[in-house]
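Trainee:
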Amino acid sequence: MGGIFVSSARTLLLLAFASTSVVVVTVGSSLFVNYPVSDCVPFSSLFNKPPTLRDETCVDPYKLPGYLYTPPDNDNYQLTSYIPFYDSLYDASDPSFTTYPWPGKSSPDLSDPHVEPEFLKMAPHSWMTDLAEHAKLVDAAANGQDHDAPRLQHLDKYLAWMRNKRVLMIADSVDRYMMVYFCQELSLTATVKARHTTAWCTIPHLNFTIYHWHLAGYYNYRPNWWWQATMEQVTFEDRYEKMFKRTLGDVVGENGRAPDLVLYQSGLWDQVTFAQKYAHEPDGEFSSLNEQNKLMDRQLTWAELRFYMTRQKQFIRHVKGVFGNDTRIVYRSLIPHQQLDERDLMIMNMDRASRIVAHKEGAEVMDWARLVAGFSSQYKDHVHVDKGPMSWLYQNMLMSYVFRLAGGVEHLGVIEHHPMSYQSDLDPWLECHDVYVAKAVENR
Ligand SMILES: *[C@@H]1O[C@H](CO)[C@@H](O)[C@H](O)[C@H]1NC(C)=O
Ligand SMILES: *[C@@H]1O[C@H](CO)[C@@H](O)[C@H](O)[C@H]1NC(C)=O
């Protein structure tokens, strides 16, 4: 599968390389505030680079080593930025406080939390900042209040790449909360009718929707000990038939047959299932074990690992069966519990398994978990991350995929190509897709 994706994308790129002659206009470093949407870049220059050169351009900033800047005052969490360690940081002149021998009497003061502007400006673009400003202006206009109309017009154009897009999350409540918070950031309310079913958040002005299908793990039957007594369907096959399918009309995006992006993840439900199974059904190698922690707080057995990996593969193929093999699919890496302990060994096993499945099935990895791990105070309970710096980060990471699939190119914190400036017949997603899929196995 992975092979098919990789080779078809390469062929496409090489064909594009061979048959197109394009004048490359560099937009340079003009930041978005004054970005004239009408300025036309013929098309992202990426298509005209051979694959080896694309490897330098196809860099996901969120996957680089970097520093997650979180404002000291949690109320200002909208300033949360990921600062990738680019060359300019490494090659910057030594800060004065590293002088040796240190001349002063007191030790150097290293308490300044602020990132210097020249590195801060290389952080990936905060789409949430624009969206939140846009939402305020839209509200003010709708309520007949005084507002900056030209700015609203500008943002309408600037964010037009989001228009008519559908993102489908097939995941658990961790992502559902991120979707709910996404709506809250824009003074909107997500629709969550019943837990563990389907839910959505729509930005009416942009006709943009994030939809959530609650995945209850990859278990293949509904045992009578299932801990959610009210959950009738457990398997994704059954949940699809009985619950998800009827929402197809709402999740299908611009191409009329698939969401514009599918984000998936499953781990916490599987972990609880695996942990509880032998407590409820003493069986096999575990039948003589009555120490709870050995049943529950442990790695996956090899058989459980094979089960998880295979069921996930079946799940992705099911998704492709519904939406098409070319569906843009992103795996969201698994976060540990608030307090990392031996339960999380299973989560780590599953995350590593998910990465190889993603790689083989042509899915990319949104590695949010790598940046969240350790921020225990940002959890609202033992499994859910709260609204704040980590949800803001999540939302910006998610929007960076939508920007990219719409044709946007960002490099070193600069918007190099705005999707609305030129529409191509080529699928912009494929420009870097094979590079990212190849890298899906590099972490962890
Ligand atoms: C909203 O987006 C959906 C999905 O792309 C599309 O089918 C629908 O026509 C759009 N509605 C409007 C009013 O543009
Ligand atoms: C999608 O991929 C699967 C697995 O490679 C293949 O069996 C199937 O025929 C493909 N479907 C289409 C419509 O191409």
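This note's numbering puts the first residue of the sequence shown at 1450, with every later residue one more than the last.
By construction, the Cβ of each residue, glycine as well, lies at the ideal position given by its N, Cα and C atoms.
(1) Rounded to the nearest angstrom, what separates Val-1476 and Gly-1862 at their Cα positions?
(2) With DSSP collapsed to three states, give me the class of Arg-1773.
(3) Here's the rule I'm using: 16 or more other beta-carbon atoms within 10 Å means buried, otherwise exposed. How should Gly-1811 be labelled?
(4) Buried or exposed for Lys-1888, going by 16 or more other Cβ atoms inside 10 Å?
(5) Here's the rule: buried if 16 or more other CB atoms are within 10 angstroms of the residue's CB, otherwise exposed. What is Lys-1829?
(6) Which of the three DSSP states, helix, strand or coil, is assigned to Val-1474?
(7) Confirm, please, whether the CB-CB distance from Glu-1734 to Asn-1613 is below 8 Å.
(8) Hey, quick one: how far does the alpha helix (DSSP H) through Ile-1805 stretch, first residue to last?
(9) Below 8 Å, how does it come out for the region 1710-1728 and the region 1737-1755: are there three or more Cβ pairs, yes or no?
(10) Less than 8 Å between the C-beta atoms of Ile-1805 and Val-1890, yes or no?
(11) Return yes when at least one heavy atom of ligand 2 lies under 7 Å from the C-beta of Lys-1809, else no.
(12) From which residue to which residue does the alpha helix (DSSP H) around Gly-1698 run?
(13) Does the Cβ of Tyr-1713 have 16 or more other Cβ atoms within 10 Å, making it buried, or fewer, making it exposed?
(14) Let me check understanding here. Comparing Cα to Cα, which of Ile-1864, Leu-1601, Leu-1617, Ser-1575 lies closest to Phe-1772?
(15) Let me check you understand the geometry: is the CB of Gly-1773 closer than 7 Å to at least one non-hydrogen atom of ligand 1?
(16) On the three-state DSSP scale, how would you describe Trp-1662?
(17) Starting from Arg-1819, trace the alpha helix (DSSP H) in both directions and tell me its first and last residue.
(18) For ligand 2, I want to know if Lys-1762 counts as a neighbour, meaning its beta carbon is within less than 7 Å of at least one of the ligand's heavy atoms.
Mentor: So, from the data block:
(1) Residue confidence is low: Val-1476 scores 35 on pLDDT, short of 50, so the model does not pin down where it sits. No coordinate-derived value is stated.
(2) It is Gly, not Arg, that sits at residue 1773 in the sequence shown. Looking at Gly-1773 - three-state DSSP - the assignment turns out to be coil, as it is neither helix nor strand.
(3) buried
(4) That one is buried.
(5) exposed
(6) Low confidence applies to Val-1474: its pLDDT is 31, below 50, so where it sits in the model is not reliable, and the reading given next is rough at best. Reduced to three states, the DSSP call for Val-1474 is coil.
(7) no
(8) 1792-1810
(9) yes
(10) Less than 8 Å separates the beta-carbon of Ile-1805 from that of Val-1890.
(11) no
(12) 1697-1700
(13) buried
(14) Leu-1617
(15) Gly-1773 Cβ: outside cutoff for every heavy atom of ligand 1.
(16) strand
(17) 1817-1821
(18) no
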